[in-house]
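Chemist: Heads up: take any position in the sequence shown, counting from 1, add 117, and you land on this note's numbering. In this text, a Cβ means the ideal position worked out from N, Cα and C, and glycines have one as well.
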Amino acid sequence: MKTRLTELLDIEHPVMLAGMGGVSYSQLVAAVSEAGGIGTFGAAPMRPGQLDEEIEMVKKLTTKPFGVDLLTAVPGQLERDVESIIRGGARIFVAGLGVPREIVDVLHQNNILVGSMCGKVRHAIAAVASGCDFVVAQGTEGGGHTGTVATMALVPQVVDAVGDKVPVVAAGGLFDGRGLAASLALGADGVWMGTRFIATPEAHAPRAYKETLVALPEDGTVISRAYTGKTCRVVRTDWTNHFEEHPEELKKFPEQAFESAKAGANHMGASPDVEVDPKREFMPCGQGVGAITELTPAGDIVRQVVAEAERVIAAMQRVRV
Ligand SMILES: Cc1cc2nc3c(=O)[nH]c(=O)nc-3n(C[C@H](O)[C@H](O)[C@H](O)COP(=O)(O)O)c2cc1C
């Protein structure tokens with residue numbers, strides 16, 4: 118399946134592993150890239166030096182291209198990690214919260230393509246104006262920090278705004294080949310999937326987090342500031358319920374993240390062997406979760422998504438026009 122995205126990134130399939138902080142580490146990144154998609158590190162919670170180590174591990178597991186995503190919210194982190202990204206030979210960099218023009222220029226000088234996460238049309242226009250090579254339009258259904266506009270409404274509007282200049286990638290609530298086919302129908306050039314890839318043996322996530330996703334129905338998530346201080350779609354827990362009743366206790370980003378970590382309710386970035394309490398834990402999760410019934414190797418997910426999308430596109434011939 119060839120699209121502008123596969124051509125731009127020189128990959129086989131238009132399937133991107135979302136750069137999920139705490140979850141998208143070397144095993145998962147390598148598995149998605151090796152299957153012909155592109156794996157993207159979620160480097161935001163990594164300690165200094167950890168991204169270098171993780172990149173070294175990925176290069177032992179695959180020779181295929183990979184990327185790095187950063188939230189760019191922590192002062193100094195972007196500058197530090199951009200050096201690792203260049204040294205490590207990443208093909209793409211994705212900015213979770215916007216990216217300054219100077220950084221885009223430095224990355225381009227080093228042949229690294231730059232993408233930007235967008236929850237609104239104006240974010241996409243600003244990203245393209247600052248030189249980004251592609252944009253990811255993430256609807257509110259998506260896990261993690263998220264906006265208010267739904268994927269179905271957002272993607273075609275972003276395509277109309279910037280699709281003539283750069284490829285648009287759809288994200289938020291997508292978990293299978295129907296979602297890929299639908300995204301292509303909306304004018305996108307590929308998908309960026311997060312939650313589906315958490316329920317894999319390769320994901321860097323505690324056992325209880327993966328088990329929770331397998332059991333959770335589609336309405337088991339909530340948008341809450343309870344874990345980080347920013348609006349984040351997560352599994353609804355006693356911790357989110359408490360702050361729904363006591364919003365006056367919420368701190369701002371990033372203080373609320375320190376609060377939830379101190380209280381033992383946020384192990385983002387910790388070893389996946391850590392025991393967490395799923396009734397309180399920070400578990401970012403999208404609304405596609407109800408469709409996940411088992412852990413599936415990440416490479417199989419990539420292959421199944423593409424095969425199903427091809428079947429769906431072929432089956433569309435049943436509609437007479
Ligand atoms: C556990 C988790 C962590 C995430 N961390 C980040 C992050 O660090 N940077 C970022 O740009 N997006 C992050 N996201 C959002 C994803 O990049 C992606 O847009 C989202 O997962 C797509 O929706 P889906 O989960 O329904 O597939 C995160 C999502 C999850 C589920």
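1. Could you tell me if the beta carbon of L195 falls within a distance shorter than 6 Å of some heavy atom in ligand 1?
2. Less than 7 Å between the beta carbons of A320 and L145, yes or no?
3. Compute the distance between the beta-carbons of G294 and V149, then report whether it is under 7 Å.
4. Can you tell which of V211, G248 and R218 has the C-alpha that lies nearest to the C-alpha of M234?
5. Can you give me the start and stop residues for the alpha helix (DSSP H) that G294 sits inside?
6. Please state if the CB of F292 and the CB of A408 are separated by a distance shorter than 7 Å.
7. Which residues does DSSP list as the beta-bridge partners of V438?
8. Alpha carbons only, please: which of G289, V308, V351 and K237 is nearest the one belonging to D277?
9. Can V223 and V422 be called in contact, C-beta distance under 7 Å?
10. Could you name each continuous alpha helix (DSSP H) segment of 4 residues or more that falls completely within the region 306-336, going from the start of the chain to the end?
11. Confirm the yes/no value for this check: CB of A320, any heavy atom of ligand 1, distance under 6 Å.
12. Just mark V221 as buried or exposed, buried being the case when its beta carbon has 16 or more other beta carbons within 10 Å.
Modeler: Let's see:
1. As a working note, residue 195 is residue 78 in the sequence shown. Checking every heavy atom of ligand 1 against the Cβ of L195, none is found closer than 6 Å.
2. Taking the first residue of the sequence shown as position 1, residue 320 is located at position 203. Taking the first residue of the sequence shown as position 1, residue 145 is located at position 28. Yes, the Cβ-Cβ distance between A320 and L145 is below 7 Å.
3. As a working mapping, residue 294 is identified with position 177 in the sequence shown. As a working mapping, residue 149 is identified with position 32 in the sequence shown. Taking 7 Å as the Cβ cut-off, G294 and V149 do not qualify as a contacting pair.
4. Taking the sequence shown and counting its residues from 1, one reaches residue 234 at position 117. When each option's Cα is compared against that of M234, the closest is V211.
5. Working through the sequence shown from its first residue, we reach residue 294 at position 177. It spans G294 to A302 - the alpha helix (DSSP H) in which G294 sits, taken as one unbroken run.
6. Taking the first residue of the sequence shown as position 1, residue 408 is located at position 291. Taking the first residue of the sequence shown as position 1, residue 292 is located at position 175. Result yes, Cβ atoms of A408 and F292 sit closer than 7 Å.
7. As a position in the sequence shown, residue 438 is number 321, starting the count at 1. Looking at the DSSP assignment, V438 forms no beta bridge with any residue, so it has no partner.
8. Position 160 of the sequence shown, counted from the first residue, corresponds to residue 277. Measuring from the Cα of D277, the nearest candidate turns out to be K237.
9. Counting from one through the sequence shown, the residue named residue 223 turns up at place 106. Counting from one through the sequence shown, the residue named residue 422 turns up at place 305. Contact: no.
10. The qualifying runs are 312-315 and 324-332.
11. Within the sequence shown, numbered from 1, the residue matching residue 320 stands at position 203. At a cut-off of 6 Å, the beta-carbon of A320 does not count as near ligand 1: no heavy atom of the ligand is closer than that.
12. For the purposes of this step, residue 221 is taken as the residue at position 104 of the sequence shown. That one is buried.
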